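Numbering (my numbering), first residue to last: 80 to 396.
Cβ atoms here follow ideal geometry from the backbone N, Cα and C, with glycine treated the same way.
None of these values were measured; they are calculated from a predicted model.
Beneath this line is the structure, given in structure tokens, with notes to follow.
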Amino acid sequence: MVGRLVAGDRRTAARMISLVENRSPQASELMKLVYPHAGRAEVIGLTGSGGSGKSSLIDRLLTGFRGQGRRVGVVAVDPSSPFSGGAILGDRIRFQRHAEDEGVFIRSMGSRGYLGGLNRAANDVVRIMEAMGNDVVLVETLGAGQDEIEIINLAQTCLLVVTPGMGDDIQAMKAGIMEIAHIIVLNKSDLDGSGSTLRSLEATLGLSHGRDQGGWRTKVVPTVAASPGTDEIKGIEELLAAIADHQTLLRESRELERVQAARVEQELGLVLKDELERLVYKGLKGTGKKKAYITSILQGKADPYSVVEEVIQNLVK
Ligand SMILES: Nc1nc2c(ncn2[C@@H]2O[C@H](COP(=O)(O)OP(=O)(O)O)[C@@H](O)[C@H]2O)c(=O)[nH]1
Ligand SMILES: [Mg+2]
Numbered sequence: 080m081v082g083r084l085v086a087g088d089r090r091t092a093a094r095m096i097s098l099v100e101n102r103s104p105q106a107s108e109l110m111k112l113v114y115p116h117a118g119r120a121e122v123i124g125l126t127g128s129g130g131s132g133k134s135s136l137i138d139r140l141l142t143g144f145r146g147q148g149r150r151v152g153v154v155a156v157d158p159s160s161p162f163s164g165g166a167i168l169g170d171r172i173r174f175q176r177h178a179e180d181e182g183v184f185i186r187s188m189g190s191r192g193y194l195g196g197l198n199r200a201a202n203d204v205v206r207i208m209e210a211m212g213n214d215v216v217l218v219e220t221l222g223a224g225q226d227e228i229e230i231i232n233l234a235q236t237c238l239l240v241v242t243p244g245m246g247d248d249i250q251a252m253k254a255g256i257m258e259i260a261h262i263i264v265l266n267k268s269d270l271d272g273s274g275s276t277l278r279s280l281e282a283t284l285g286l287s288h289g290r291d292q293g294g295w296r297t298k299v300v301p302t303v304a305a306s307p308g309t310d311e312i313k314g315i316e317e318l319l320a321a322i323a324d325h326q327t328l329l330r331e332s333r334e335l336e337r338v339q340a341a342r343v344e345q346e347l348g349l350v351l352k353d354e355l356e357r358l359v360y361k362g363l364k365g366t367g368k369k370k371a372y373i374t375s376i377l378q379g380k381a382d383p384y385s386v387v388e389e390v391i392q393n394l395v396k
């Protein structure tokens, strides 16, 4: 299977993704074999509120990357959608023009059905897409809470997608996602208020002392990714250029090593949490202890914290 995956076989990739999504018993063994072939793609993350235009931007970026002859994988993660496994109807429609393109591989993931957690599954899927030989992997995530920040850490270049009229929200975001974004995309810049949002973004960036990004200064790129009125698409070339600039800086400085190390640390945490949890539940299975714990918590004789402490102490023993 891994041989076929590395050769770029799409059906094998789809089968493998199903296996990791369902946490089948072979999944870990499979990932061990996949892993040495992964890690060579440019991983670009797009985060932002629902409806900000992430999928529309990806649609445009796909055309751009394909024009450069590069193969692209897309992982669209939407924790607010109950669907998973590539069945998200909206994305199907949005990415339709690339459906027949052999150089594009798209997978949508919703919130349900991931035993090891959505982040763990998304990481495995990104690794599979890398091993498949994609030059670029785009990861779309909803940017709202801490959870999404975890997925965005898998990316080397992080895009935060905002829209006009978000001035106040931007101030609030400053402390969080704003500081990990390498590029802020002001999408829907065809709408009213885009000028003042752009000024407010640039003012905020001018003041902020974000984390050290190896000499990179966060850029703002205004775009129009879809325009029902005028059909005028804007800023996509500039966005592609900004992504290329950041990737060049990563490669030419030692920053790429730091980013890769941070990703591996993240990955280690995801896998460790998942495997530990599985180990613990395997130990409890069939002993009736889990039920007893729940009952004693309900009766007020115990609480989840002391129970977990006891379970971990037993595990360590
Ligand atoms: N006016 C305008 N509408 C846009 C633009 N980009 C996307 N949209 C529309 O915004 C809606 C949400 O876009 P989508 O890409 O699904 O957002 P996502 O939820 O962030 O992936 C769709 O109806 C798009 O057609 C833009 O630049 N200008
Ligand atoms: Mg979307």
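Is lysine 133 near ligand 1, with its Cβ less than 7 Å from a heavy atom?
-> yes
Alpha-carbon spacing of leucine 335 relative to serine 385, whole angstroms = Roughly 42 Å separates the two Cα atoms.
Can you tell me where the alpha helix (DSSP H) with arginine 139 in it begins and where it stops?
-> That run of the alpha helix (DSSP H) goes 133 to 146.
Just tell me which of Thr327, Arg357 and Val151 has its CA closest to the CA of arginine 186.
-> Val151
Can you give, in chain order, each stretch of the alpha helix (DSSP H) that sits fully within the region 309 to 333 and has at least 4 residues?
-> 315 to 331
If we ignore side chains and look at the alpha-carbon of each, how far apart do leucine 329 and glutamate 354 end up?
-> 32 Å
By DSSP, does threonine 91 sit in helix, in strand, or in coil?
-> Shown here, threonine 91 sits in a helix according to DSSP, grouped into three states.
For valine 303, is the beta carbon positioned less than 7 Å from some heavy atom of ligand 1?
-> yes
In DSSP terms, what methionine 188 is bridged to = DSSP lists Val156 as the beta-bridge partner residues of methionine 188.
Please classify glutamate 346: is it buried, with 16 or more other beta-carbons within 10 angstroms of its beta-carbon, or exposed?
-> buried
Residues near leucine 217 by beta carbon distance below 6 Å, same chain, minus five either side | Excluding residues within five positions, the ones whose Cβ falls inside 6 Å are Ile123, Ile137 and Val153.
The alpha helix (DSSP H) enclosing threonine 374, as first and last residue numbers | Note, threonine 374: alpha helix (DSSP H), 368 to 377.
For valine 303, which residues from the same chain have a beta carbon less than 8 Å from its beta carbon, with the 5 sequence-adjacent residues on both sides left out?
-> Asn266, Lys267, Ser268, Asp269, Glu311, Ile312, Lys313 and Gly314
So is aspartate 58 buried or exposed if we call it buried at 16+ other beta carbons inside 10 Å?
-> Only positions 80 to 396 of the chain appear in this structure, which leaves residue 58 out of reach.
Under 7 Å from any heavy atom of ligand 2, does the C-beta of arginine 219 make it?
-> Here the sequence assigns glutamate to residue 219, which means arginine is not the residue at that position. For ligand 2, at least one heavy atom lies less than 7 Å from the Cβ of glutamate 219.
What residues are listed by DSSP as bridge partners for glycine 127?
-> Leu221
Under the criterion of a Cβ to heavy atom distance below 7 Å, does alanine 234 qualify as lining ligand 2?
-> no
How long is the line joining the alpha carbons of leucine 84 and leucine 98, rounded to whole angstroms?
-> Using only the alpha carbons, I get a separation of about 14 Å.
Compare the C-beta of glycine 285 with all C-beta atoms of chain D and state if any pair is closer than 8 Å.
-> Reference to chain D is not applicable here, since this structure consists of a single protein chain.
Closest by CA to glycine 196, which one among Lys352, Leu125 and Val387?
-> Lys352
According to the Cβ coordinates, are valine 299 and glutamate 281 closer than 8 Å?
-> yes
State the Cα-Cα distance for the pair serine 273 and serine 375, rounded to the nearest angstrom.
-> 57 Å
Could you give the distance in angstroms between the alpha-carbon of alanine 260 and the alpha-carbon of glycine 127?
-> 11 Å
Exposed or buried, which one is leucine 233 when buried takes at least 16 other CB atoms within 10 Å?
-> buried
DSSP state of threonine 236 mapped onto helix, strand, coil | strand
What's the gap between the Cα of leucine 394 and the Cα of lysine 380?
-> 22 Å
Mapping DSSP to helix, strand and coil, what is lysine 352?
-> helix
Name the two residues that bound the continuous beta strand (DSSP E) containing valine 264.
-> 262 to 265
Helix or strand or just coil, what does DSSP make of glutamate 179?
-> coil
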